[in-house]
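For reference, the structure is listed below as structure tokens.
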Amino acid sequence: MKLGCCLNMLGDKDDAVGRRYIGTLKDAGYDYMELPLAQIMELSENSFSELAEEAEKTGLPCECCNNFFPASVRLTGETVDPAKVQEYVKRAIDRAVKLGSRVIVFGSSGAKNVPEGFPYDRAFGQIADALRMIDTYAASAGIHIAIEPLNRQESNIIQNLEEGKKLMTEAGGPSIRLLADYYHFMLEKESLETLKKRIPDIVHVHFADPDGRSFPKESRKEYEDFFAVLKEGGYDGRVSIEAYSENKEKEISGAVFIRKYF
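Just add 148 to wherever you are in the sequence shown, counting from 1, and you've got my numbering.
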């Protein structure tokens with residue numbers, strides 16, 4: 149497995165991408181970084197080019213992107229604009245390709261949460277339709293779209309791996325796969341047996357300590373058990389730490405100890 153780190157939770161209003169921590173990740177020994185696509189889409193062409201050049205100069209590849217859709221690009225409800233969604237997808241995947249990304253994470257609760265009073269099944273179908281369209285661009289670009297089940301405090305649709313699998317099957321495209329996020333997995337009290345069953349579908353993993361969605365700071369048996377199931381099931385992909393931090397430089401560097409579970 150390869151170890152990376154998501155920068156979206158390390159950013160702030162002056163640096164929404166978390167760009168200032170790229171060098172810290174490189175120095176700490178991470179294999180790649182994961183950048184937030186919705187925030188990247190807000191950059192001007194010049195700013196985006198500067199980011200891509202910095203990543204190349206630093207030597208830390210952006211192999212993954214998360215935060216696929218902003219809340220302003222609706223995927224469910226009466227106000228969905230398929231032309232707007234398609235245009236956003238085309239531009240977003242183009243930028244992800246230019247960064248060298250191989251995986252785009254699809255959580256995007258703000259875009260896909262079901263509006264109050266709107267039929268769940270219809271919303272599910274709208275998301276599946278969007279994924280089928282996304283697949284036409286992602287597959288040809290060599291990018292996997294990783295459906296991320298989110299906990300019920302953040303999302304009212306696709307809250308566990310089985311629901312993610314159902315959506316993956318309904319969408320049906322070759323680029324559409326699953327993500328296992330340890331934080332959401334633990335909050336939803338999912339079982340390791342379910343994780344084991346879904347490993348053939350999993351193309352990416354997120355990790356954070358469930359206590360405060362923080363960087364892991366010490367060894368825990370729960371961590372060991374989670375990664376043991378992944379290893380025994382043949383998962384050999386990427387693991388991105390996606391966490392908040394009060395002491396970013398120290399905790400970014402300290403968290404690399406989880407490699408021992410790989």
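Backbone N, C-alpha and C define an ideal beta-carbon position, used for all residues, glycine too.
Original post:
Beta-carbon separation of A203 and C210 under 8 Å?
Top reply: Along the sequence shown, read from residue 1 onward, the residue named residue 203 stands at position 55. Along the sequence shown, read from residue 1 onward, the residue named residue 210 stands at position 62. Taking 8 Å as the Cβ cut-off, A203 and C210 qualify as a contacting pair.
Subject >> Whole runs of the beta strand (DSSP E) within the stretch 328-379, excluding any shorter than 3 residues >> reply: 350-355
Original post:
Excluding sequence positions up to five away, which residues of its chain have a Cβ less than 6 Å from the Cβ of A319?
Top reply: Taking the first residue of the sequence shown as 1, we reach residue 319 at position 171. So the qualifying residues of the chain are A276, L279 and R280.
**OP:** Could you spell out the range, first to last residue, of the alpha helix (DSSP H) harbouring A186?
**Re:** Counting from one through the sequence shown, the residue named residue 186 turns up at place 38. First-last of the alpha helix (DSSP H) with A186: L185 to I188.
Subject >> C-alpha gap between A200 and D162, whole angstroms >> reply: Stepping through the sequence shown from its first residue, residue 200 is reached at position 52. Stepping through the sequence shown from its first residue, residue 162 is reached at position 14. Distance between the alpha carbons of A200 and D162: 18 Å.
Original post:
Are there 16 or more other CB atoms within 10 angstroms of the CB of K328, so buried, or fewer, so exposed?
Top reply: The residue labelled residue 328 in the question sits at position 180 within the sequence shown. A quick correction: the sequence has Ala, not Lys, at residue 328. When all chains shown are included, A328 counts as buried.
**OP:** Can you grab the Cα-Cα spacing for the pair T342 / S195, in whole Å?
**Re:** Residue 342 sits at position 194 when you count from the first residue of the sequence shown. Residue 195 sits at position 47 when you count from the first residue of the sequence shown. C-alpha separation (whole angstroms): 42 Å.
Original post:
Do you know offhand how far F363's Cα is from G258's?
Top reply: For the purposes of this step, residue 363 is identified with residue 215 of the sequence shown, where counting begins at 1. For the purposes of this step, residue 258 is identified with residue 110 of the sequence shown, where counting begins at 1. Near 24 Å, if we compare the C-alpha coordinates of G258 and F363.
Original post:
For D163, which of helix, strand or coil comes out of DSSP?
Top reply: For the purposes of this step, residue 163 is identified with residue 15 of the sequence shown, where counting begins at 1. Strand at D163.
Original post:
If we ignore side chains and look at the alpha-carbon of each, how far apart do S303 and G255 end up?
Top reply: Taking the sequence shown and counting its residues from 1, one reaches residue 303 at position 155. Taking the sequence shown and counting its residues from 1, one reaches residue 255 at position 107. Cα-Cα distance, rounded: 9 Å.
Original post:
Can you tell me the Cα-Cα spacing of Y169 and M157, whole angstroms?
Top reply: On the sequence shown, position 21 is the one that residue 169 refers to. On the sequence shown, position 9 is the one that residue 157 refers to. Distance between the alpha carbons of Y169 and M157 is about 11 Å.
**OP:** Give a yes or no on contact between the stretch 177-189 and the stretch 388-408, applying the rule of three or more CB pairs nearer than 8 Å.
**Re:** yes
**OP:** Return the chain-ordered list of same chain residues with a C-beta closer than 6 Å to the C-beta of L340, the five sequence neighbours on each side being excluded.
**Re:** The residue you call residue 340 lines up with position 192 of the sequence shown. Here the set comprises V377.
**OP:** Work out the CA separation of E193 and A294 for me, nearest whole Å.
**Re:** As a working mapping, residue 294 is identified with position 146 in the sequence shown. As a working mapping, residue 193 is identified with position 45 in the sequence shown. The alpha-carbon atoms of A294 and E193 are separated by roughly 26 Å.
Original post:
For the stretch 251-311, which segments carrying the beta strand (DSSP E) assignment without a break, of at least 3 residues, lie completely within its bounds, in sequence order?
Top reply: 251-254 and 292-295
**OP:** Give the secondary structure of G402 by DSSP, where H, G and I count as helix, E and B as strand, and everything else as coil.
**Re:** Counting from one through the sequence shown, the residue named residue 402 turns up at place 254. If DSSP states are grouped into helix, strand and coil, G402 belongs with the helices.
**OP:** Output yes or no for whether 8 Å exceeds the beta carbon distance between H292 and R270.
**Re:** Counted from its first residue, the sequence shown places residue 292 at position 144. Counted from its first residue, the sequence shown places residue 270 at position 122. No, the Cβ-Cβ distance between H292 and R270 is not below 8 Å.
Original post:
What are the start and end residues of the alpha helix (DSSP H) that includes R239?
Top reply: Against the sequence shown, residue 239 aligns to sequence position 91. It spans P230 to L247 - the alpha helix (DSSP H) in which R239 sits, taken as one unbroken run.
Subject >> Endpoints, the beta strand (DSSP E) within which G152 is located >> reply: Along the sequence shown, one-based indexing puts residue 152 at 4. Counting along the chain, the beta strand (DSSP E) containing G152 begins and ends at K150 to C154.
**OP:** Would you kindly report the start and end of the unbroken beta strand (DSSP E) that includes S388?
**Re:** As a position in the sequence shown, residue 388 is number 240, starting the count at 1. Where S388 is concerned, the enclosing beta strand (DSSP E) stretches over R386 to I389.
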